Each structure stands twice: as structure tokens, then as C-alpha cells.
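Our numbering numbers the first residue of the sequence shown as 1 and each following residue consecutively.
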Amino acid sequence: MDVALGVLLGVWLVVSAVAQLEVIKPGVSRVRRLDLFSLVPQYNFFAPRPGTKDFHLMVRATTSSGEFGRWRELSPLPHRAWWNCLWNPARRPRKALFDLATTLAKESQAVSRTAVQVSVSYLVLLNHVSTAARLQAPARVQFLLAVSNGTCSTEPPRALFISHVHEVER
Numbered sequence: 001m002d003v004a005l006g007v008l009l010g011v012w013l014v015v016s017a018v019a020q021l022e023v024i025k026p027g028v029s030r031v032r033r034l035d036l037f038s039l040v041p042q043y044n045f046f047a048p049r050p051g052t053k054d055f056h057l058m059v060r061a062t063t064s065s066g067e068f069g070r071w072r073e074l075s076p077l078p079h080r081a082w083w084n085c086l087w088n089p090a091r092r093p094r095k096a097l098f099d100l101a102t103t104l105a106k107e108s109q110a111v112s113r114t115a116v117q118v119s120v121s122y123l124v125l126l127n128h129v130s131t132a133a134r135l136q137a138p139a140r141v142q143f144l145l146a147v148s149n150g151t152c153s154t155e156p157p158r159a160l161f162i163s164h165v166h167e168v169e170r
């Protein structure tokens, strides 16, 4: 019994390892069709084209007098430490911003400016910006999505998308 279990686990290990190889994709797709219970894992540790850009969410608010303040970054990218490869709690908010920014950038090119305002990505970013701005009691807010060439770049971020001005409920 122990030998049979060892052989079964050994075969599973070999099939799982071979299934990760790119050079035998046609054979792997046949194995995946036969894998009814998804026992053969599919790992994607590395993207074909890794991300080389960072997104920045900037906000500016107006006071009751109607003047806009300066753009300030909401949740700037934290300094990366060596232990972030093991424990990185800031990864999820950064990933959420990345996903929202890429979706909003695509939507802003595909549909009208008015239609973008009712998209999920726009509304999520607007809600986040408005909630953060309420702490300062502004009358209106506007957000800007900017993109930079990574944390080591000396160039300032460039504007990717600027929202309409929105009233903030107090």
C-alpha cells in the first residue's frame, strides 16, 4: 500500500512539473483535458512582460471659496524593503490601484468621457478619493491618474487621466 501511494505521488509530481514547461504546450493541453478534478497545478510565477510602470493616484480639492489646492498623491508607493519578498501587506492596495488604473485607461480610450464616469473603475476611484477628501472638508474634488517609469525613475509622473470635478457630500 505504501509503495502504491509513493508511486502515485511520484507520478503526480512528475506530471505537475512537466505541465509547467512551455515547450510541450500541445501535450499539456491534452493532459489538462483529462484532468477532470484539476489535480495538475498551473503555476504562473512570471508574467510574459513584467510590469515596468507605477501608477499614482493624485487628488486636489477646492475649498468653500472655490480655489483648487495643489495635487497631492493619495497613498504614495512605500519604500520597498528586503523582507517584502516574504511579507508585503502593501501589495494588495497597490495591485488594486494598478488594476483600476489599467481598466480606466482602456475604458477612457474606448468610450466617451461621459460613459467613463459611470464605469466601475471610475466610481471606485471617485469613492476612494471622496472618502479621503472628506477628512479635510472640501467642497469639490478631482482626481488624476499618473504613470511613472518605476520607482528608480528620475522623471516625474505623467498624467494619464483627469477626472471631472465632483461635489463632495459632508
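Virtual Cβ for every residue (Gly too), placed ideally from N, Cα, C. These numbers were taken from a predicted model, which means no experiment stands behind them.
Just curious, the alpha helix (DSSP H) that residue i is in, first and last residue?
| i | result |
| --- | --- |
| glutamine 109 | 91 to 110 |
| histidine 79 | Looking at the DSSP string, histidine 79 is not in any alpha helix (DSSP H), and its letter there is neither H nor E. |
| arginine 113 | 113 to 116 |
| histidine 128 | 120 to 134 |
Given this structure, state the Cα-to-Cα distance separating residue i from residue j, to the nearest angstrom.
| i | j | result |
| --- | --- | --- |
| arginine 134 | cysteine 85 | 35 Å |
| glutamine 42 | arginine 94 | 25 Å |
| histidine 79 | asparagine 88 | 11 Å |
| serine 153 | alanine 159 | 15 Å |
| leucine 57 | valine 129 | 9 Å |
| alanine 139 | threonine 63 | 6 Å |
| valine 120 | alanine 17 | 39 Å |
| threonine 151 | phenylalanine 37 | 42 Å |
| alanine 96 | alanine 4 | 46 Å |
Sorted by chain position, which residues of the same chain lie with C-beta nearer than 6 Å to residue i's C-beta, five sequence neighbours on each side aside?
| i | result |
| --- | --- |
| valine 116 | Glu107, Ser108, Tyr122 |
| glutamine 142 | Arg60, Ser163, Val165 |
| glycine 69 | Arg60, Ala61 |
Take residue i and list the residues in its own chain whose beta-carbon comes closer than 7 Å to its own, dropping the five residues that flank it on each side.
| i | result |
| --- | --- |
| aspartate 99 | none |
| valine 168 | Ser130, Ala133, Arg134, Pro138, Ala139, Arg140, Val141 |
| proline 157 | His56, Ala146, Val147, Ser148 |
Hey, quick one: how far does the beta strand (DSSP E) through residue i stretch, first residue to last?
| i | result |
| --- | --- |
| leucine 21 | No beta strand (DSSP E) holds leucine 21; DSSP gives it neither H nor E. |
| threonine 62 | 54 to 62 |
| phenylalanine 68 | Per DSSP, phenylalanine 68 belongs to no beta strand (DSSP E) and is neither H nor E. |
| leucine 145 | 140 to 148 |
| alanine 159 | 158 to 162 |
Just to confirm my understanding: we take residue i, look at its own chain, exclude 5 residues before and 5 after, and list those with CB closer than 8 Å. What are they?
| i | result |
| --- | --- |
| alanine 132 | Val59, Leu74 |
| alanine 105 | Leu145, Leu160, Phe161 |
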